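Have a look at the structure below, then the notes.
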Amino acid sequence: ERSQVLYRFADLIEKHNDELAALETWDNGKPYEQASQIEVPMLVRLMRYYA
């Protein structure tokens, strides 16, 4: 069950990459490209790893 939740969470993060990258840029001042191409995909990989 935990695994399924984490996989679903990873899918949702991946689906909303643009919105999450924009929030990361707004919150931390990171360049949008870095957030959308590195930070958010890294989070997706981490969620799937721990699933």
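Going by full-length UniProt numbering, the first residue of the sequence shown is number 1, and it counts up by one from there. All residues carry an ideal CB built from backbone N, CA and C; glycine is no exception. Please read these numbers as outputs of a predicted model, since none were measured by experiment.
Could you check where the alpha helix (DSSP H) with residue i kicks off and where it finishes?
| i | result |
| --- | --- |
| Ala21 | Asn17 to Asn28 |
| Pro41 | Val40 to Tyr50 |
I need the straight-line Cα distance from residue i to residue j, nearest angstrom please.
| i | j | result |
| --- | --- | --- |
| Gln37 | Met47 | 16 Å |
| Leu20 | Glu1 | 25 Å |
| Ser3 | Leu12 | 14 Å |
In its own chain, which residues sit with a C-beta less than 8 Å from the C-beta of residue i, not counting the 5 before and 5 after it?
| i | result |
| --- | --- |
| Glu24 | Lys30, Ala35, Glu39 and Val40 |
With distances taken from CA atoms, which of the options is nearest residue i?
| i | options | result |
| --- | --- | --- |
| Ala22 | Tyr7, Tyr32, Ser3 and Val44 | Tyr32 |
| Val44 | Trp26, Ala10, Val5 and Glu1 | Ala10 |
In this structure, does DSSP put residue i in helix, strand or coil?
| i | result |
| --- | --- |
| Glu14 | helix |
| Glu33 | helix |
Is residue i near the ligand SAM, going by C-beta to nearest heavy atom under 7 Å?
| i | result |
| --- | --- |
| Ala22 | This structure lacks the ligand SAM, and indeed carries no ligand of any kind. |
Might you give, ordered along the chain, the residues of its own chain that have their beta carbon closer than 6 Å to the beta carbon of residue i, omitting 5 neighbours on each side?
| i | result |
| --- | --- |
| Ala51 | Ser3, Leu6 and Tyr7 |
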